[in-house]
Amino acid sequence: AIAEARNEKLSSASERVEESSRRAADIVEATAAKNAHFVKRALALVAAHRQNQRNEAEAASVRLAAKIAAATERRNDALEAAQSRASLERVEMARLELVKLEVERQHKKMELDRSIA
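Numbering of the sequence shown is given in UniProt numbering, commencing with residue 1 and proceeding in unit increments.
Structure follows, in structure tokens:
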């Protein structure tokens, strides 16, 4: 009877240990899943930030090109009485390119904002 009670007590303790172990494993698994979500979100935010930086650098490049073209045009105007039609078209093309890139940048920014939301 004592041996049987001891075996029953050991069996009960063993079951409690197994249940505790299972709960601990479940907690570890839930924590890992939660952290994986945070890591994925952080990676998405980093990618979005880098894309925004690239878009802004591209837009800045186009703005600089437009400013240079405008400065060149002003310098040519000072040197020459008449403006050349090609120069005006080049400035206008740079302006159009700037507008187009700005629209694309805004569109990409909206897409990135939607993807990380």
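Yeah, the Cβ is synthetic: ideal placement off N, Cα and C, and Gly gets one too. The structure displayed is predicted, hence computed values, not measured ones.
If you check the beta carbons only, do residue i and residue j fall under 8 angstroms apart?
i: Ala70; j: Val91; result: yes
i: Leu64; j: Ile116; result: no
i: Glu104; j: Ser87; result: no
Report back the beta-carbon spacing between residue i and residue j to the nearest angstrom; my notes put them in contact at under 8 angstroms.
i: Val39; j: Leu98; result: Not confirmed; about 38 angstroms, so no contact.
i: Ala48; j: Arg95; result: With a Cβ gap of about 28 angstroms, Ala48 and Arg95 do not count as contacting.
i: Lys100; j: Asn52; result: With 8 angstroms as the limit, Lys100 and Asn52 do not qualify as a contact, their Cβ atoms being about 18 angstroms apart.
By DSSP, does residue i sit in helix, in strand, or in coil?
i: Glu89; result: helix
i: Glu80; result: coil
i: residue 118; result: Outside the modelled stretch of the chain, which goes from 1 to 117, sits residue 118, for which no answer is possible.
i: Ala117; result: coil
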